[in-house]
């Protein structure tokens, strides 16, 4: 029996409406996917009351219309990296960052690299401030909160900031207004044309806070940063902690500190094989050769002995004689690749040889070497291809570096 007051099974299974659920009926005719925000709920409810909904005829039970198919709800999940050490704002306020200048410069360098990547992708962050720089568990800086700087935030004037603004959170409009470039504040009424330089300006104020004592959230921070923005006036106590570190009796020489830091940074860059690693390799390869080095590099080819016809005929005679002997004993000519990766385990063996191997670095940063004999590359070929027995001989060139001048010598080797 059909009971209109009782709830059907399909009505009991209706999806629960959430903050991000689509409004209205989920039908094919009304399938616009909208997001309901908290400040829009009241206006939408009031507007729905004023709209006259057309009356639909009551259908007998068991009948459906052609356009009554419901749409399934979709939930969007965003997976983000968890930064255990909160933000740069918390690190500055903890007073630990001020006592570690090396950490300051390292974090500043990471922020610069992040901004460089953002700008290369054609994006302007517009809201660089300590609260938007996240610190992960490995103590590395991550730039977050893209697109939070709106036109209303940019139009706020710093001159209107007074004691009544102290109750505002520094993560809100005031916090953004303290860091944005002045050209954005001066064009509040019209269109704003800006470049990536506005992020650089904001980063300069962030660097000041990293090297200065923690400022109290309120008028002290506003007053100090306003003086810095307006007249470029630094506080009188700025840099005192750095001076105390430099005046310590057991301080390390600056040259030694810089050299040690550079070596550690360089080794870390080489091991990471990131963008800086490729930049270093490309810079070394693109480095122009000096004219003197170009002239002296292969000066041995001008020797008169290399153009001696009796010498060339003797080499060709020996080559043909040895090849015929090898062919008589069922050896076959077989050549393999010449360039192989350099292995540090073979360094002592090459040191004991008559000539050290010629080592190079390719465009991918891999250390390779030219053959100093014709056996090593063939042994590598046999191991990689599972060759257990093969009677072969080869005739080719081997390379050596007998002197420290950097020149490469070429020898003929037959095995």
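Residue numbers (our numbering): 12 to 426. Just so you know, even glycine gets a beta-carbon here, dropped at the ideal spot from N, CA and C.
Is the beta carbon of residue 189 less than 9 Å from the beta carbon of residue 153?
As a first step, residue 189 is located in the chain shown; it is residue number 178 there, counting from the start. As a first step, residue 153 is located in the chain shown; it is residue number 142 there, counting from the start. By the CB criterion at 9 Å, residue 189 and residue 153 fall outside the cutoff.
List the DSSP bridge partners of residue 403.
Residue mapping note: residue 403 aligns to position 392 of the chain shown, counting from 1. Per DSSP, 343.
Give every residue of the same chain whose Cβ lies closer than 8 Å to the Cβ of residue 104, excluding the five residues on either side of it in the sequence, and list them in chain order.
As a position in the chain shown, residue 104 is number 93, starting the count at 1. Hits under 8 Å: 225.
Out of 137, 280, 156, which one is the CA nearest neighbour of residue 209?
Counted from its first residue, the chain shown places residue 209 at position 198. It is 137 whose Cα lies nearest to the Cα of residue 209.
Quick check on the burial criterion: 16 or more other C-beta atoms within 10 angstroms. Buried or exposed for residue 98?
Reading the chain shown from its first residue, position 87 is the one you call residue 98. Within a 10 Å sphere around the beta-carbon of residue 98 sit 16 or more other beta-carbons, which makes this residue buried.
Rank 117, 300, 280 by C-alpha distance to the C-alpha of residue 291 and give the top, closest one.
Here residue 291 refers to the residue found at position 280 when the chain shown is read from its first residue. Residue 280 is the option with its Cα nearest to residue 291.
Strictly by DSSP, which residues pair up with residue 351?
Within the chain shown, the letter at position 340 stands for residue 351. Beta-bridge partners of residue 351 (DSSP): 380.
Give the single residue among 207, 87, 214 whose Cα lies nearest to the Cα of residue 115.
Position 104 of the chain shown, counted from the first residue, corresponds to residue 115. It is 214 whose Cα lies nearest to the Cα of residue 115.
Please check the pair residue 385 and residue 350, which I expect to be a contact at CB under 8 Å, by giving their CB distance rounded to whole angstroms.
Looking up residue 385 in the chain shown gives position 374. Looking up residue 350 in the chain shown gives position 339. About 13 Å separates the Cβ atoms of residue 385 and residue 350, ruling out a contact at the 8 Å cut-off.
Separation of residue 194 from residue 133, as counted between CA atoms
Walking along the chain shown from the start, residue 133 turns up at place 122. Walking along the chain shown from the start, residue 194 turns up at place 183. Whole-angstrom Cα-Cα distance: 20 Å.
Considering only C-alpha positions, which residue in the set 410, 233, 300 is nearest to residue 368?
Position 357 of the chain shown, counting from 1, holds the residue named residue 368. With distances taken between CA atoms, residue 368 lies nearest to 410 out of 410, 233, 300.
For residue 145, the residue or residues it bridges with in DSSP
Within the chain shown, numbered from 1, the residue matching residue 145 stands at position 134. Residue 145 is bridged to 98, 153.
In the DSSP assignment, the beta strand (DSSP E) including residue 391 goes from what residue to what residue?
Here the question's residue 391 lines up with position 380 in the chain shown. Boundaries for residue 391: no beta strand (DSSP E) harbours it, while the alpha helix (DSSP H) harbouring it runs 387 to 396, taken from the DSSP string.
Buried or exposed: which applies to residue 327, given that a residue is buried once 16 or more other Cβ atoms fall within 10 Å of its Cβ?
On the chain shown, residue 327 is found 316 positions in, with the first residue counted as 1. Per the 10 Å Cβ criterion, exposed.
Pull up the distance between the alpha-carbon of residue 393 and that of residue 399, whole angstroms please.
Here residue 393 is taken as the residue at index 382 of the chain shown, counted from 1. Here residue 399 is taken as the residue at index 388 of the chain shown, counted from 1. About 7 Å.
Under 9 Å, do residue 96 and residue 156 count as touching if we go by C-beta distance?
Taking the chain shown and counting its residues from 1, the one referred to as residue 96 is at position 85. Taking the chain shown and counting its residues from 1, the one referred to as residue 156 is at position 145. Going by C-beta atoms, residue 96 is not nearer than 9 Å to residue 156.
Integer-rounded CB distance, given that residue 405 should sit under 8 Å from residue 344
For the purposes of this step, residue 344 is taken as residue 333 along the chain shown, with counting starting at 1. For the purposes of this step, residue 405 is taken as residue 394 along the chain shown, with counting starting at 1. Confirmed, Cβ separation roughly 7 Å.
Cutting at 8 Å between CB atoms, please list the residues of its own chain near residue 353, excluding the five before and the five after it.
Position 342 of the chain shown holds residue 353. In chain order, 368, 370, 378, 379, 380 place their CB closer than 8 Å to the CB of residue 353, counting only its own chain and leaving out the 5 sequence neighbours on each side.
List the endpoints of the continuous alpha helix (DSSP H) containing residue 232.
Taking the chain shown and counting its residues from 1, one reaches residue 232 at position 221. 230 to 242 is the extent of the alpha helix (DSSP H) around residue 232.
Between the Cα of residue 219 and those of 229, 238, 205, 206, spot the shortest distance and give me the residue it belongs to.
Here the question's residue 219 lines up with position 208 in the chain shown. Per the Cα distances, 238.
Just verifying my parser: in three-state terms, what is the DSSP assignment at residue 370?
Taking the first residue of the chain shown as 1, we reach residue 370 at position 359. In this structure, residue 370 counts as strand in the three-state DSSP scheme.
Cα-Cα separation between residue 117 and residue 93, rounded to whole angstroms:
Here residue 117 is taken as the residue at index 106 of the chain shown, counted from 1. Here residue 93 is taken as the residue at index 82 of the chain shown, counted from 1. Cα to Cα, residue 117 sits roughly 21 Å from residue 93.
Using a Cβ-Cβ cut-off of 6 Å (strictly less than) and excluding sequence neighbours within five positions of residue 143, which residues of its own chain qualify?
Taking the first residue of the chain shown as position 1, residue 143 is located at position 132. Only residues of its own chain outside the window of five on either side were considered, and among them 155, 156 have a CB closer than 6 Å to the CB of residue 143, listed in chain order.
Measuring CA to CA, which of 217, 272, 376 is closest to residue 289?
Translated into the one-based positions of the chain shown, residue 289 becomes position 278. Relative to residue 289, the option among 217, 272, 376 whose CA is nearest is 376.
In angstroms, rounded to a whole number, what distance separates the CA positions of residue 126 and residue 100?
Position 115 of the chain shown, counted from the first residue, corresponds to residue 126. Position 89 of the chain shown, counted from the first residue, corresponds to residue 100. The alpha-carbon atoms of residue 126 and residue 100 are separated by roughly 18 Å.
DSSP on residue 107, reduced to helix/strand/coil?
Your numbering for residue 107 matches position 96 in the chain shown. Coil, per DSSP.
Look at residue 223 and residue 191 and say whether their C-beta atoms are less than 9 Å apart.
Here residue 223 is taken as the residue at index 212 of the chain shown, counted from 1. Here residue 191 is taken as the residue at index 180 of the chain shown, counted from 1. Not closer than 9 Å, so no.
Taking only the alpha-carbon atoms, compute the straight-line gap between residue 320 and residue 301 and give it to the nearest angstrom.
Taking the first residue of the chain shown as 1, we reach residue 320 at position 309. Taking the first residue of the chain shown as 1, we reach residue 301 at position 290. Approximately 34 Å between the Cα atoms of the pair.
Between residue 310 and residue 412, what straight-line distance do the alpha-carbon atoms span, to the nearest angstrom?
Translated into positions along the chain shown, residue 310 becomes position 299. Translated into positions along the chain shown, residue 412 becomes position 401. Cα-Cα distance, rounded: 14 Å.
How big is the Cα-Cα spacing for residue 283 and residue 106?
To locate residue 283, count along the chain shown from 1; it is residue 272. To locate residue 106, count along the chain shown from 1; it is residue 95. Between residue 283 and residue 106, the alpha-carbon positions lie close to 31 Å from each other.
How long is the line joining the alpha carbons of residue 66 and residue 81, rounded to whole angstroms?
As a first step, residue 66 is located in the chain shown; it is residue number 55 there, counting from the start. As a first step, residue 81 is located in the chain shown; it is residue number 70 there, counting from the start. Residue confidence for residue 66 is low, a pLDDT of 48 falling below 50, so the modelled location carries little weight; the figure read from the coordinates is stated next. Taking the straight line joining both Cα atoms gives about 20 Å.
Rounded to a whole number of angstroms, what is the C-alpha to C-alpha distance between residue 271 and residue 112?
Residue 271 sits at position 260 when you count from the first residue of the chain shown. Residue 112 sits at position 101 when you count from the first residue of the chain shown. Annotation: residue 271 to residue 112 spans about 15 Å, alpha carbon to alpha carbon.
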